[in-house]
Ligand SMILES: C[S@@+](CC[C@H](N)C(=O)[O-])C[C@H]1O[C@@H](n2cnc3c(N)ncnc32)[C@H](O)[C@@H]1O
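Residue numbers (the numbering used here): 2 to 235.
Here it is, written out as structure tokens:
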């Protein structure tokens, strides 16, 4: 994997690295009902903050996977002395190493956009049980997003495209989901507070520069790029 932005998040060890941050995660998950015997998957778990919350709040069995070795290292470290039931594994969302119908609940927060969207959505549909639910938190293109801004943001995040809510819906449906709800959240992309950090030693200067570039670009795109939380069922 070569994506400087993901390296930045990994080396700085930023938890809640998605629009709305961990506060939004908590408010979404507080409205879920997950039973202790259910199996949950946190795809692209990063350093594992959401997985920890799921295990603590619902006492369910959580599997946390990520493709970035530094993220995995930090997620493993998070659960080292924690009795929470979280199994951390390195894995690729596009080629999940799980059998069909493995999970009751899947969450992916700001992950699919970094992958081949169709491929990953099909994999998530494959490993979700028929009565299961999938929550996705993803960036969306809002009206009037110029091509130039789109290109700048894609370059910064190392992603191919930013798609609208409608385009997400179509792709989610094509993966086999028949019911898609939009979870009510503030739709504007505001910078969220970062309060969960596990920084590596000797971070390269380029990653500090990229962080600065990121922070400088946010005010230019925050009215044109939003996000949605989708809840998807079969
Ligand atoms: C923006 S971060 C979000 C991390 C975490 N979900 C959170 O909200 O804090 C995106 C995460 O997706 C992971 N990721 C990107 N492509 C992936 C893939 N193909 N398979 C698994 N994880 C992937 C990255 O390594 C990174 O940890």
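The C-beta atom is built at its ideal place from N, Cα and C for all residues, glycine as well. Bear in mind the structure is a predicted one, so any value in this text is a computation, not a measurement.
Shown here for residue 121: same chain residues with a beta carbon closer than 7 Å to its own, the five before and five after excluded, namely 94, 95 and 113 in chain order. Nearest Cα to residue 68 within the set 46, 198, 210 and 145: 46. Using a 10 angstroms sphere on the CB of residue 81, the tally of other CB atoms stays under 16, which defines it as exposed. Just so you know, the alpha carbons of residue 12 and residue 103 end up roughly 31 Å apart. Taking C-alpha positions only, residue 27 is separated from residue 182 by approximately 18 Å. Judged by their CB atoms, residue 142 and residue 118 are not nearer to each other than the 8 Å cut-off.
Residue 155 and residue 144 have their C-alpha atoms some 17 Å from each other. Excluding five sequence positions before and after residue 129, the CB atoms of its chain that fall closer than 7 Å to its own CB belong to 104, 107 and 135, given in chain order. Judged by DSSP in its simplified three-state form, residue 22 adopts helix.
For residue 105, the enclosing beta strand (DSSP E) starts and ends at 104–110. For residue 54, the enclosing alpha helix (DSSP H) has its first and last residue at 50–59. The beta carbon of residue 101 sits closer than 8 Å to the beta carbons of 127 and 128 from its chain, once the five residues preceding and following it are set aside; these are given in chain order. Relative to the non-hydrogen atoms of ligand 1, the Cβ of residue 200 never comes closer than 7 Å to any of them.
Taking every protein chain shown into account, the CB of residue 199 has 16 or more other CB atoms within 10 angstroms, so this residue is buried. Contact between residue 140 and residue 20 holds: CB atoms are separated by about 7 Å, below the 8 Å threshold.
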